[in-house]
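Visitor: The numbering used here puts the first residue of the sequence shown at 224, with every later residue one more than the last. Glycine included, C-beta positions come from ideal geometry on N, C-alpha and C. Dropping a structure here in structure tokens format, bear with me for questions.
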Amino acid sequence: MRVGQNPAKSIEQVAKPANITVAIVTYIPYLGGYYAESLDVLRVCLKSLWENTDLPYDLLVFDNASCPEVRLFLSDAQQQGKIQFLLSSDRNIGKGGAWNLIFGGAPGKIIAYADSDIYFYPGWLSAQVQALESIPEVGMVTGMPLWSPLEFSSSTIRWAESNPDAHLEQGQLLPWEDYWRHLRSLGYDEESSRGYYASHEYTCLHYRDQKYFVGAGHFQFVARREVLQSALPIPSERPMGQVRSLDIALDQNGYLRLSTPQWWVQHLGNTLQGFDGGPSQQPVVEKNSRSARKSSFWSWKPAHRLLTWLNDRTFKILYRS
């Protein structure tokens, strides 16, 4: 039985989604240990996105079972109209599982993906979309200079070698400052990083008047929705570690994977320490009292290793699936 008629029947049209969906995945299970500053990082990530995105877009955030503080922050942002689509999972389904949902259901024809620890510089989206559209065969574009294993870019190499308007260049093409600027956000030490840097060559694709680094990153990229859907389903047995299957699938499907030589985005990691906002911007960081405290004890390497190990063991006990 029905009482009356659904008033929605009288509505003649519904809102149309933007052509571009910016998608963010976040996972902050608690605010302590490794994740002590992660909410601050998320705030800076989204603030830079809201302020520096220069094309129309819808924002989709997938919350992969974060703590109540993070869920409240995201809910408030959606109520303010800053997030168009907010998906919340009651359990961590892994990055691959989140990608399956996002790539399969995002409304935009172009998906601009980023982890929740990415800083966006002004003009980032139009620059990456332009790079994506400059070559029809491009599968994904990351917005920063990046080294990537060539074994996952065989289609890019073959395309360049067979295209008369393209050529490849190899050598020490990535300045150390650019290499280290990214790698330190991943937790590597400088000494071993210098050795790895010196022993590897870097490959650039020159196409007409454009230059790109061969390869792309999982933490941020822009791609066509249909291209990403060609890689589905992505395995998701673990929270992380299976994202390389996206690279393999796109490469096997004949798509190019590229990175821009300019810094349009930057990976922050789990802390804002050492981040200066890049060459021309200094983000306003509103730190809470927890992340603002500094401890000389934590900076002591033996204590740092011990506390990191304890945090890792506690995490595995409390959050194992």
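Starting from residue 336, trace the alpha helix (DSSP H) in both directions and tell me its first and last residue.
Guide: No alpha helix (DSSP H) contains residue 336, which is instead part of the beta strand (DSSP E) from 333–338.
Visitor: Between 467, 474 and 396, which has its C-alpha nearest residue 484's C-alpha?
Guide: The option with the nearest alpha carbon to residue 484 is 396.
Visitor: Please state whether DSSP places residue 342 in a helix, a strand or coil.
Guide: Reduced to three states, the DSSP call for residue 342 is strand.
Visitor: Pair every Cβ in the stretch 324–344 with every Cβ in the stretch 261–273, then say whether three or more of these pairs are closer than 8 Å.
Guide: Yes: the two stretches touch, three or more of their Cβ pairs being nearer than 8 Å.
Visitor: By DSSP, does residue 405 sit in helix, in strand, or in coil?
Guide: Residue 405 falls in the helix class under three-state DSSP.
Visitor: At 3 residues or longer, and completely inside the stretch 424–449: list those beta strand (DSSP E) runs for me, N to C.
Guide: Runs of the beta strand (DSSP E) inside the stretch 424–449: 425–430, 433–437 and 443–447.
Visitor: Tell me the DSSP secondary structure of residue 389 in three-state form.
Guide: Reduced to three states, the DSSP call for residue 389 is strand.
Visitor: Can the beta-carbon of residue 251 be found less than 8 Å from the beta-carbon of residue 282?
Guide: No.
Visitor: Roughly how many angstroms separate the alpha carbons of residue 513 and residue 256, rounded to a whole number?
Guide: Per-residue confidence for residue 513 stands at a pLDDT of 41, beneath the threshold of 50, marking its modelled position as unreliable; the derived number appears in the next sentence. Whole-angstrom Cα-Cα distance: 11 Å.
Visitor: Going along the chain, which residues of its own chain have a beta-carbon closer than 7 Å to the beta-carbon of residue 420, five neighbours each way excluded?
Guide: Correct list, in chain order: 399 and 402.
Visitor: Around the C-beta of residue 411, are 16 or more other C-beta atoms found within 10 angstroms, so that it is buried, or is it exposed?
Guide: Looking at its Cβ environment, which holds fewer than 16 other Cβ atoms inside 10 Å, residue 411 is exposed.
Visitor: Any chance the stretch 418–438 sits against the stretch 310–317, with 3 or more Cβ pairs inside 8 Å?
Guide: With a cut-off of 8 Å, the stretch 310–317 and the stretch 418–438 do not count as touching, because too few Cβ pairs lie within range.
Visitor: Is residue 280 near residue 329, with beta carbons less than 8 Å apart?
Guide: No, these two residues do not count as a Cβ contact at 8 Å.
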